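What follows is one structure encoded as structure tokens, with my remarks underneath.
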Amino acid sequence: MVSHALRSVADCDAVWEKFLPSDYKSIISGSSSSSLLSPGKRRIYIFISVSIPFSFKMSFQLKKESGKKCYMLGARALSVIWGDTPSTWKSLPESRFSEVAELKLVWWLEVKGMIDIRILSYNTNYAAYLVFKLRNKRTIEFRHRAVGLHINVGGITSWEVRRVSLDPSQNGTQHVREREDGWMEFFNEFGDDGTVQLCLREIDTSYYKQGLIIEGIELRPKDTGS
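Taking numbering that gives the first Met the number 0, I'd label the letters of the sequence shown as residues 0 to 225.
This is the structure:
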């Protein structure tokens, strides 16, 4: 009897709905699994706690630890240098998206992204992560490059230049680590109308580069302890 009662509470929609974001219906309806709106709230919570795709350009995940929303803009949702060249796009079995962008021979690195600020969690400090792979570390020419980082949130713009290395094996001023090193941060205080605009742009273009594979830009809530 007690076990049955506890199971009933655990499956109660009213209980699980408290863990869901207020806009969970629009999140699911915009995904490729909108049929999940009909099952119980517990199943919906489990479903959105893993990455779910939106079309072929964006994915969503609810962070279980904080209940905050995490979004990833796929390469197709970004403005990538030479993105209008068909040979730039390829599929990778390990990617959550159908296509990624590979910079095969470029003199200039520029990646831009934009997202509606209203869909992010309110009163939350976010970090933006460039998610990428190196096709061949012996031929990549992104070592110790001066990169400009530009961010515009609700009309307020900040700009800074950092010397970073996109090759973790190199000794540089600052390294990237897979899914660890955020290259920008911003605080979403109110979630008013507007957009978050992100841009990574190379400053020095003295020689050509190749072998950078871009999956996307992830907007992830920062840990409260960090």
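The beta carbon of each residue, even a glycine, is placed where N, CA and C say it ideally should be. Values in this document were obtained by computation on a predicted structure and should not be read as measured data.
Residue from the options with nearest C-alpha to residue i
i    : options                   : result
V99  : K132, K67 and Y125        : K132
R41  : K63, L197, M57 and P52    : K63
I216 : G112, L148 and V152       : G112
L108 : Y121, Y44 and S78         : S78
I202 : V110, D83 and M57         : V110
M71  : C11, Y125, D12 and L211   : Y125
I45  : S25, P92 and L19          : L19
S21  : Y121, G210, L211 and L218 : Y121
L129 : K17, L211, I26 and L91    : L211
K17  : S65, Q209 and S28         : S65
L91  : A127, D83 and R134        : R134
Sequence-distant residues of its chain with Cβ nearer than 7 Å to residue i (five each side left out)
i    : result
T123 : K67, N187 and P220
W88  : E98 and A100
H81  : Here residue 81 is Trp; the residue named in the question, His, does not match the sequence. Counting only Cβ-Cβ distances below 7 Å, and skipping sequence neighbours, we find T87, L102 and V105.
D115 : T194
Y23  : I43 and I47
M57  : Y70, M71, L72, G73 and A76
Coil, strand or helix - residue i by DSSP
i    : result
E177 : Note that E177 scores 45 on pLDDT, short of 50, meaning its location in the model is unreliable and no value can be drawn from it.
E16  : helix
N170 : Confidence at N170 is low in this model, with a pLDDT of 49, below 50, so the placement of that residue is unreliable and no value is reported for it.
S25  : helix
F55  : coil
Y128 : strand
Y70  : strand
I47  : helix
K208 : strand
R219 : strand
C11  : coil
Contact set for residue i: own chain, Cβ-Cβ below 8 Å, skip 5 residues either direction
i    : result
F55  : G73, R75, F96, S97 and E98
V49  : Q60
A94  : The question names Ala, yet the displayed sequence has Ser at residue 94. E214.
S30  : I51, P52, F53 and F59
Y207 : L104, V105, W106 and E140
L119 : K68, Y70, Y125, N187, G190, V195 and L218
Per DSSP, cross-strand counterpart(s) of residue i
i    : result
W88  : A100
S65  : Answer is none; S65 lacks a bridge partner.
C198 : K111 and H149
I213 : A100 and F131
N187 : T123
S78  : K111
Close-in-space but distant-in-sequence residues of the same chain around residue i (CB under 6 Å, 5 per side omitted)
i    : result
Q196 : M113 and N151
Residue i Cβ short of 8 Å to the ligand HEM heavy atom set
i   : result
G29 : The ligand HEM is not among the ligands present in this structure, which contains no ligands whatsoever.
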